[in-house]
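Student:
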Amino acid sequence: MIFRGVLVLTLALLYVDAQNTCDLIEWTGGQFDWPNEATKSIYKSSGRYIPKHIIATRAQIFKDDIFVALPRYKPGVPVTLARIGLKQRGAEAILTPFPCWASQEEGDCNALQSVVDLYLDENNILWVLDTGVVNSLEQPLRRMPPRVIGINVLNGKKVKTLDLCGLVAQASRLQYLVVEYAPDGRPFVYVSDAATRSILVFDVAGNRGYRVVLPKVVANCRRDVLYIALVHRAGCNNNQLIITYLSGARIFQIRTEYLRAGCAAGKIQDLGKKENKIVVLGTDLGNALFFRFEGEREVYRWEVGPCFTGYKVVYKSPESYLATHAIPDVSRRRIRVLESNFPDYIQNTVGCGANQRVSLMISAINKD
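If you use mature numbering (1 follows the signal peptide of the UniProt record, and there is no 0), the sequence shown corresponds to residues -18 to -1, 1 to 350, in order.
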């Protein structure tokens, strides 16, 4: 009872803090910063802009900007990577294409096709995972080969494109990515491939990549969603990658130095059994992992340890919303959450558009 009382008080304080600082940003479908009304009209009349087909699923924060991934799950998504001002006020947030409108053209080999995940590294490079497949929930169409693109958030310039063609199979399903810098300063990109039970590892400086096949015990289930999350721990060369399938009964971790060496055999650590299916939402850029149980609104925080125990509720989404990403707001030392009525979107019951919001989850984080 004492724990419950403390928890309720904590959540109440977080809610008050969010209200006092006006941290809630909401929007329905997708309202964009169009070049002009004529362009908007052309997009709508041609079926290239269907607001109810637009949904943000992943996000990253840099200072006063929120960068959101808008996967082209269905036709009519004119922009697949956008920016929202964190200080926007009003009923509807306005989405600005990032880096620009020209970078969003479907079918253009130089443009983004379908961004499904993104990760902001410590050097202000936004890494985006572009599967190259559009209309993936209806009639999938491959526009381009899969790739990871690095964009400098300070000026919007593309700094690197990683071609993943040689690392994927025909059945591959690329879903999530994280980025870290090795002790020698080289950046490495890790991408989950659910269908092939693999982590794609890319040495950016060496311009080479390879596939690390995970042990069969990791995928002793339906290969639906392969979550990965990067946990930073004190000490040199001690970062861990948390790994679990949505339908998997257990959760695992592996030290990233083994992934960089291209070897997972005998290196995977079993952290224990899950009570139910979990949706991994992200980390605090330290040792804390955020997740929720499938279909549930409560968000849990777990200090990653040798066993998957001791996690606690830190947030609860409002009715009809589910969290899809926990986002560190480093400059303000906070954790925010991207949430929406994603199940309604999947079932085509969103009316004029999916309800989406970025709200405050944790008002203060301790990060060295």
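Heads up, the beta-carbon is just placed ideally off N, CA and C, and yes, glycines get one too.
These numbers come from a predicted model, not from an experiment.
(1) If I measure Cβ to Cβ from Thr331 and keep anything under 6 Å in the same chain, skipping five residues before and after, which residues do I get?
(2) Do you know how far the Cα of Tyr25 is from the Cα of Gln235?
(3) Please determine if the region 9 to 19 and the region 263 to 281 are in contact, where contact requires at least 3 C-beta pairs separated by less than 8 Å.
(4) Using three-state DSSP, classify residue 407 as helix, strand or coil.
(5) Ala270: which of Lys259, Lys198, Trp9 and Val295 sits nearest, CA to CA?
(6) Determine the closest residue to Leu52 out of Lys45, Ile32 and Glu19, with distance taken between C-alpha atoms.
(7) Kindly list the residues whose CB is nearer than 7 Å to the CB of residue 368, restricted to its own chain and excluding five residues on each side of it in sequence; keep chain order.
(8) Under the rule that 16 or more other beta-carbon atoms within 10 Å means buried, what is Arg318, buried or exposed?
(9) Return the residue from the list Lys56, Gln70, Glu74 and Val110 that minimises the CA-CA distance to Pro81.
(10) From what residue to what residue does the alpha helix (DSSP H) around Tyr303 run?
(11) Starting from the C-beta of Val141, find all residues in its chain whose C-beta is less than 8 Å away, skip the five residues before and the five after it, and write them out in chain order.
(12) Whole angstroms is fine: what's the gap from Arg179's alpha carbon to Gln338's?
(13) Below 8 Å between beta carbons: does that hold for Ser299 and Glu321?
(14) Would you tell me roughly how many angstroms separate the C-alpha atoms of Val286 and Leu77, rounded to the nearest one?
(15) Among Thr265, Arg232, Pro127 and Cys334, which has the Cα closest to the Cα of Cys289?
(16) Rounded to a whole number of angstroms, what is the C-alpha to C-alpha distance between Arg120 and Thr238?
(17) When you compare the CB positions of Tyr244 and Tyr172, do they come within less than 8 Å of one another, or not?
(18) Answer with buried or exposed for Val199, where buried requires no fewer than 16 other C-beta atoms within 10 angstroms of its C-beta.
(19) What are the boundary residues of the alpha helix (DSSP H) that Glu19 is part of?
Tutor: If we stick to the structure as given:
(1) none
(2) 45 Å
(3) no
(4) Residue 407 lies beyond the range of the chain shown here (-18 to 350); nothing can be said about it.
(5) Val295
(6) Ile32
(7) A question about residue 368 goes unanswered here, because the residues of the chain that appear run from -18 up to 350.
(8) buried
(9) Val110
(10) No alpha helix (DSSP H) holds Tyr303; DSSP gives it neither H nor E.
(11) Ile107, Gly132, Ile133 and Asn134
(12) 31 Å
(13) yes
(14) 35 Å
(15) Arg232
(16) The sequence shown places Glu at residue 120, not Arg. Rounded to whole angstroms, Glu120 to Thr238 spans 36 Å at the Cα level.
(17) Note that residue 244 is Gly in the sequence shown, not Tyr. No. Outside cutoff.
(18) exposed
(19) Glu19 to Ser27
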